[in-house]
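Take any residue in the sequence shown, count from 1 to its spot, add 7: that is its number in this note's numbering.
Here a beta-carbon is modelled for each residue, glycine too, at the ideal position from N, C-alpha and C.
In this text, all values refer to a predicted model and were calculated from it rather than measured experimentally.
See structure below.
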Amino acid sequence: MSNLFTKANRPSLLSLLASAALLLGLASAASAQQQQPPPRPPKKKLQASSNFAQYAGRDASNRLIAGGATRNAGVTDEAGAQSLKGQEAYEAGRYDESVAAFKRVTELKPGDAKAFYHLGVAYEAAGRNREAVEAYKRAIALTDRAEIKALSYYNMGNVFAADKQLAQAVEAYKQVIALVPEEAVAHYNLGLAYAAAAGRTADAVESFKQAVKLKPDYAEADFNLGIAYGNLQQYRDAADAFKRAVEIKPNYAEAHFNLGLAYLALDDRAGAQAEIKTLQGLKSPLAAKLKSLSN
Numbered sequence: 008m009s010n011l012f013t014k015a016n017r018p019s020l021l022s023l024l025a026s027a028a029l030l031l032g033l034a035s036a037a038s039a040q041q042q043q044p045p046p047r048p049p050k051k052k053l054q055a056s057s058n059f060a061q062y063a064g065r066d067a068s069n070r071l072i073a074g075g076a077t078r079n080a081g082v083t084d085e086a087g088a089q090s091l092k093g094q095e096a097y098e099a100g101r102y103d104e105s106v107a108a109f110k111r112v113t114e115l116k117p118g119d120a121k122a123f124y125h126l127g128v129a130y131e132a133a134g135r136n137r138e139a140v141e142a143y144k145r146a147i148a149l150t151d152r153a154e155i156k157a158l159s160y161y162n163m164g165n166v167f168a169a170d171k172q173l174a175q176a177v178e179a180y181k182q183v184i185a186l187v188p189e190e191a192v193a194h195y196n197l198g199l200a201y202a203a204a205a206g207r208t209a210d211a212v213e214s215f216k217q218a219v220k221l222k223p224d225y226a227e228a229d230f231n232l233g234i235a236y237g238n239l240q241q242y243r244d245a246a247d248a249f250k251r252a253v254e255i256k257p258n259y260a261e262a263h264f265n266l267g268l269a270y271l272a273l274d275d276r277a278g279a280q281a282e283i284k285t286l287q288g289l290k291s292p293l294a295a296k297l298k299s300l301s302n
């Protein structure tokens, strides 16, 4: 099942932080008249207008399942013809027409889980999210096949996430993971659902970590792990995650930018300057932005 889902990330831009002064103090024990070690400096605070807030985008919903009606299949029955019509309309971006065709297939074959899954895909593409969810639920109820169940839950999770129904999205992605625990994109999207929910950033960290464990070259998962760590003010961990992201994708400008911001939070000016130079080499406008934050 490792290739069950298709991947389509859209990394988004973010900005972050400026430094705050560290408060150092020395305390003396009155009874011993002996100097004590300085207390730990407080963690740097992020400016309200500058923070680890935006994540790389959600992996897209899976589309039509391969192995359905094809142009060379010699389709003779109406259900097969309508399925082929729905597929062709979908691929051409005529989503309402695709909906009508796949809906007809479900009328002709009311026990066909794949038909309801395809109807859900068409509804989702047409922006009819409520109807998409109902079609996916019907597909799940009609089959014992892990593939169709997992794909339906996965797409349903994406619909819920798009509609900001985060609790439902979390539960849908958990169902995917229960069926196919090795699918990194399910853990990744679960992490994004947690990240969007209030007070669930630590859960997001665990989900992104699992995505990276399952797919070590998943740069966007490391990037989002860095964002989540940054929001928790765990800047060393954030820097490590961003470093892994740029090792995987050396031209990943947003990851270089955020690595520079993490370095600034750690008072590592040399590290931040190195990221500015890298961004300048990439001809990214983020170079000037990071430079202004480092002054």
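Please work out which residues of its chain come closer than 6 angstroms, Cβ to Cβ, to residue 223, disregarding the five sequence neighbours upstream and downstream, and give them in chain order.
-> The residue you call residue 223 lines up with position 216 of the sequence shown. For residue 223, where only same-chain residues beyond five positions count, there are no Cβ hits under 6 angstroms.
Check residue 136 in the structure and name its three-state DSSP category.
-> Within the sequence shown, the letter at position 129 stands for residue 136. Residue state, collapsed to three classes: helix.
Three-state secondary structure (DSSP) at residue 290?
-> The residue you call residue 290 lines up with position 283 of the sequence shown. When DSSP states are grouped into helix, strand and coil, residue 290 belongs to the coil group.
Using the beta-carbon count (16 or more within 10 Å), is residue 118 buried or exposed?
-> What you label residue 118 is simply residue 111 of the sequence shown in a count that begins at 1. Exposed is the call here.
Under a CB-based cut-off of 8 angstroms, is residue 115 close to chain C?
-> Among the chains in the structure shown there is no chain C, since it carries only a single protein chain.
For residue 155, which option in 288, 111, 295, 183 has the closest C-alpha, if you only look at C-alpha atoms?
-> On the sequence shown, residue 155 is found 148 positions in, with the first residue counted as 1. Looking at the Cα atoms, 183 is the closest of the given residues.
May I have a chain-ordered list of the alpha helix (DSSP H) segments no shorter than 4 residues that lie completely inside the segment 231-266?
-> Along the length of the segment 231-266, whole alpha helix (DSSP H) runs at least 4 residues long occupy 242-255, reported in chain order.
Neighbourhood of residue 167 by C-beta distance below 7 angstroms, restricted to the same chain and skipping five residues each side = By one-based count along the sequence shown, residue 167 stands at place 160. Closer than 7 angstroms at the Cβ level, and outside the excluded window around residue 167, lie 175, 176, 179.
Can you tell me whether residue 254 is buried or exposed, with buried defined as 16 or more other CB within 10 angstroms of its CB?
-> Reading the sequence shown from its first residue, position 247 is the one you call residue 254. Residue 254 is exposed by the Cβ-count criterion.
Leaving aside the five residues before and after residue 157 along the sequence, list all residues of the same chain whose C-beta is less than 7 angstroms from its C-beta, in chain order.
-> Sequence index remark: in the sequence shown, residue 157 carries index 150 (1-based). Cβ within range, chain order: 11, 183, 186, 187.
With 16 other CB atoms within 10 Å as the buried threshold, where does residue 165 fall?
-> Along the sequence shown, read from residue 1 onward, the residue named residue 165 stands at position 158. By the neighbour-count rule (16 or more Cβ atoms within 10 Å), residue 165 is buried.
N-terminal and C-terminal residue of the alpha helix (DSSP H) that residue 66 is part of | Start at 1 with the first residue of the sequence shown, and residue 66 comes out as number 59. Under the DSSP assignment, residue 66 falls outside any alpha helix (DSSP H); it carries neither an H nor an E label.
Beta-carbon separation (whole angstroms), residue 300 vs residue 282, contact threshold 8 angstroms = Reading the sequence shown from its first residue, position 293 is the one you call residue 300. Reading the sequence shown from its first residue, position 275 is the one you call residue 282. Not a contact, Cβ separation roughly 11 angstroms.
Rounded to the nearest angstrom, how far is the Cβ of residue 104 from that of residue 96, given a contact under 8 angstroms?
-> Sequence index remark: in the sequence shown, residue 104 carries index 97 (1-based). Sequence index remark: in the sequence shown, residue 96 carries index 89 (1-based). Cβ atoms of residue 104 and residue 96 come within 8 angstroms of each other, at about 4 angstroms.
Pick helix, strand or coil for residue 219, following the three-state DSSP scheme.
-> Here residue 219 refers to the residue found at position 212 when the sequence shown is read from its first residue. When secondary structure is reduced to three states using DSSP, residue 219 falls in the helix class.
Take residue 317 and list the residues in its own chain whose beta-carbon comes closer than 6 angstroms to its own, dropping the five residues that flank it on each side.
-> This structure does not reach residue 317, given that the chain is present from 8 up to 302, and the question cannot be answered.
Fully enclosed by the segment 82-110, which alpha helix (DSSP H) runs are 4 residues long or longer?
-> Annotation note: the segment 82-110 contains the following uninterrupted alpha helix (DSSP H) runs of length 4 or greater, listed N- to C-terminal: 85-98.
Looking at residue 252 and residue 273, is the spacing between their C-beta atoms short of 8 angstroms?
-> By 1-based counting over the sequence shown, the position of residue 273 is 266. By 1-based counting over the sequence shown, the position of residue 252 is 245. No.
Taking residue 259 as the reference, give the member of 277, 271, 228 with the closest Cα.
-> Locating residue 259 in the sequence shown gives position 252, counting from the first residue. That would be 228, whose Cα lies nearest to the Cα of residue 259.
Where residue 127 falls: helix, strand or coil (DSSP) | Taking the sequence shown and counting its residues from 1, one reaches residue 127 at position 120. When secondary structure is reduced to three states using DSSP, residue 127 falls in the helix class.
Give me the Cα-Cα distance between residue 181 and residue 261, rounded to the nearest whole angstrom.
-> Position 174 of the sequence shown, counting from 1, holds the residue named residue 181. Position 254 of the sequence shown, counting from 1, holds the residue named residue 261. Note on geometry: alpha-carbon atoms of residue 181 and residue 261 lie some 29 angstroms from one another.
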